[in-house]
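Asker:
Residue numbers (my numbering): -11 to 516.
1. Using the C-alpha atoms, what's the distance from residue 314 back to residue 498?
2. Give the straight-line distance between the Cα atoms of residue 447 and residue 379, rounded to the nearest whole angstrom.
3. Looking at C-beta atoms only, is the number of pairs between the region 120 to 127 and the region 180 to 189 that lie closer than 8 Å three or more?
4. Would you report the Cα separation of residue 287 and residue 45, rounded to the nearest angstrom?
5. Tell me the DSSP secondary structure of residue 66 in three-state form.
6. With residue 410 as the anchor, note down where its alpha helix (DSSP H) starts and where it stops.
7. Could you tell me the boundaries of the beta strand (DSSP E) in which residue 142 lies?
8. Would the beta-carbon of residue 107 fall within 7 Å of that of residue 81?
9. Taking the beta carbon of residue 58 as the centre, do at least 16 other beta carbons fall within 10 Å, making it buried, or is it exposed?
10. Would you kindly work out how many angstroms separate the C-alpha atoms of residue 115 and residue 56, rounded to a whole number?
11. Would you check if there are 3 or more beta carbon pairs closer than 8 Å linking the region 301 to 308 to the region 258 to 268?
12. Which of the three DSSP states, helix, strand or coil, is assigned to residue 282?
13. Relative to the C-alpha of residue 62, which residue among 74, 35, 47 and 53 is closest?
14. From the DSSP output, in three-state form, read off residue 245 for me.
15. How many Å lie between residue 424 and residue 351 at the Cα?
16. Looking only at its own chain, which residues have a Cβ that is under 6 Å from the Cβ of residue 358, when we skip the five neighbours before and after it?
17. Which word fits residue 389, buried or exposed, when buried means at least 16 other C-beta atoms lie within 10 angstroms of its C-beta?
18. Please indicate yes or no: does the CB of residue 489 lie closer than 6 Å to some heavy atom of the ligand HEM?
19. How big is the Cα-Cα spacing for residue 291 and residue 77?
20. Could you have a look at residue 223 and say whether DSSP puts it in helix, strand or coil?
21. Compute the Euclidean distance between the alpha carbons of residue 135 and residue 171, then round it to the nearest angstrom.
22. DSSP on residue 42, reduced to helix/strand/coil?
23. Excluding the five sequence neighbours on either side, which residues of its own chain have a C-beta within less than 8 Å of the C-beta of residue 422, listed in chain order?
24. Give me whichever residues DSSP pairs with residue 311 in a beta bridge.
25. Considering only residues of the same chain and omitting the five flanking positions on each side of residue 113, which have a CB-CB separation below 7 Å?
26. How many Å lie between residue 283 and residue 456 at the Cα?
27. What is the rounded straight-line gap between the Cα of residue 219 and the Cα of residue 331?
28. Taking the alpha-carbon positions, what's the residue 508 to residue 459 distance?
29. How is the beta strand (DSSP E) around residue 180 delimited, first residue to last?
30. Determine contact between the region 246 to 256 and the region 146 to 166, defined as no fewer than three beta-carbon pairs at a distance below 8 Å.
31. How far does the beta strand (DSSP E) with residue 164 in it reach, from first residue to last?
32. Using 8 Å as the Cβ pair cut-off and three pairs as the minimum, do the region 360 to 367 and the region 326 to 340 touch?
33. Assuming residue 566 contacts residue 223 under a Cβ cut-off of 8 Å, what Cβ separation, rounded to an integer in Å, is found between them?
34. Using only the alpha-carbon positions, how far apart do residue 299 and residue 382 sit?
35. Would residue 163 be called buried (16 or more neighbouring beta carbons within 10 Å of its own) or exposed?
36. Let me make sure I understand the geometry here. Which of 15, 149 and 506 has the alpha-carbon closest to that of residue 121?
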């Protein structure tokens, strides 16, 4: 096999206009930079199939490229599934260019000023028996490409999915997302090839807003390009929330471009090649532009925003699946749902745990609140469809302005756990549990008295109430003393295991003394 390796060849550019005539079987870029000047041409010709292998993003950049094979055969130029190619000028297809896909990656192609010739072929790999959310990277493809594969489109007006069957000539709309399912009984794992003219230029989408819909304002769109795109404020949103939602096989994770990677539940703002995603219109006259200038080859090119001063990301795990939520501080947010600063909770896989903030008017996967300080409480919802052992764990906790710890109260078991110390809380959950099961409390690291090793007693403060938990009945008394020694409250303990004491006291630090027949426990609490 004849191969060209740029590390081993020298291309001489002797004038402003030059041609590189490639007739090798493979053009393999094994780490060098290929970047041709404006006006130059790469001509892929010959009488055999050819392959481009360039597995480092942005290392292979042509200006103009022509694919035009000679001979009587039907030949094609193939871009390897792990490869990246940029054409900054015009791409002319007199013969086929194939962008390979496999079960983990897709070839990435960024085109420039124009594409001529409806001879592109883009592969999508569909693993069997699961939903994939996709979009077409070519402008003239039809639903017949998904023959023997279940195909659905989303309708905002009705708020429902609709199966697409006939006619097979029904177009796949540019910039629209679709759901596809490859059944094991029909195709099993399969490669779909989408043929036609590669999409170029900005894609403008007008979005309906139907108050009577079951899912008012929700739209399922898709990346129309054979490369990644980045979700940013340059999408020219009108009456559209700044958040995208992408299903990852477990949950709909989200990215709000006003926030950083710490607050968001998606790992980045990248929308993969031909990936479907959801957005929400918030009023009539909604529209957005999917801009071609946000195309890119890899997530390393991301600009990362500055995160909030205080932010917490939690993960629920169990039954082999997970969910994510985050809470962060932003002085411009409110305690209600804010479409600029929060993201909706969209339920994911039925077998996965569902974790979210409970707001007065909504449930949220990302919850911005105006202030986080000692005593701040956030109601946390948790739901499962399968009974079993689950855990809630800290993924990230950023705390730049105050010395806080993160506590979680299990209201079903009346159990308080300092997540900052343990890292996680494990528990048993059932489908009929109250969804409003947990409260996250931001507290002083020293708040709460825990003497589990010696006395099996826990004492903590919550919303002006002192709570005592003990594994054995307590007989004696509790005294609350302020920092200058005054007794604020004295309460008898009579065979008490779980005792709640309402205290009318100013916010601040207090000493708590528990005296029983066989032990004394003392410590400091912060009341709020």
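Even glycine gets a Cβ: it sits at the ideal position worked out from N, Cα and C.
Answerer: With the structure as the only source:
1. 31 Å
2. 23 Å
3. yes
4. Because the pLDDT at residue 287 is just 48, under 50, the model does not fix this residue reliably, and the value given afterwards should be weighed accordingly. Looking at the two C-alpha atoms, the distance is approximately 10 Å.
5. strand
6. 407 to 410
7. 138 to 143
8. yes
9. exposed
10. 34 Å
11. no
12. helix
13. 35
14. coil
15. 11 Å
16. 319 and 321
17. exposed
18. Although the ligand HEM was asked about, the structure shown includes no ligands whatsoever.
19. For residue 291, the predicted model reports a pLDDT of 36, less than 50, meaning its position is unreliable and no value from the coordinates is stated.
20. helix
21. 12 Å
22. strand
23. 399 and 400
24. 304
25. 89, 90, 91 and 179
26. 57 Å
27. 15 Å
28. 15 Å
29. 178 to 184
30. no
31. Residue 164 -> no beta strand (DSSP E), and no H or E assigned at all.
32. no
33. A query on residue 566 cannot be resolved here, the shown segment of the chain reaching from -11 to 516 and no further.
34. 11 Å
35. buried
36. 149
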